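To convert, note that position 37 of the sequence shown is 37 in UniProt numbering; the numbers rise steadily by one, no gaps.
Where is the CB? At the ideal position from N, CA and C, for every residue including glycine.
For clarity, every value in this text was computed on a predicted model and none was experimentally measured.
This report concerns only the one structure given below.
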Amino acid sequence: MGVKILEQSVERVVATMPVAGNRQSFGLLHGGASLAVGEAVGSWAAVIHASTMGKTAVGVDVSATHHKSAREGLVTITATPIHLGGTLTTHEVVLTNDDGARLCSLRITNLIIDRR
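Given below as structure tokens:
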């Protein structure tokens, strides 16, 4: 998918992904690619939070709304916490295009669990 992590902390995870290689048959950014990268970045943000407690995180819910698509360029993916608990985390994940327009909004909830 060509994802690159640019910034990572408990407060924010930022990544980029090229549209090229992540298009559907009409030449638009694939909605499944948006969900996959959004879930991955949101889960990574949850794992960073969980690691501060010596734990890890697993996804239990994700929902998304597609606002707009893209045909080219880079997508920026930004995950920020809505709730950072000891049992659950919830993050908002926003995908934007090169112009900063919102392409997709996701909300992901992760369960904090013991590492195995």
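- Below 8 Å, too few C-beta pairs join the stretch 48-55 and the stretch 19-27 to call them touching: fewer than three.
- With respect to Thr80, Arg107 sits apart: the two C-beta atoms are not nearer than 8 Å.
- When C-alpha distances from Arg71 are compared across Asp61, Leu103, Asp114, the shortest belongs to Leu103.
- Each residue's CA atom was taken as its position, placing His66 and Ala101 some 12 Å apart.
- Thr87 sits exposed, since fewer than 16 C-beta atoms from the chains shown fall within 10 Å of its C-beta.
- Burial state of Ser9 is exposed, judged by a 10 Å Cβ sphere holding fewer than 16 other Cβ atoms.
- Secondary structure note for Val60: its beta strand (DSSP E) is the uninterrupted segment 55-66.
- His91 is bridged by DSSP to Pro81, Ile108.
- Counting every other CB atom within 10 Å of its CB across the protein chains shown gives Ala33 a total of 16 or more, marking it as buried.
- Per DSSP, reduced to three states, the secondary structure at Val10 is coil, with no helix or strand assignment.
- In this structure, the beta-carbon distance from Val60 to Thr109 falls below 8 Å.
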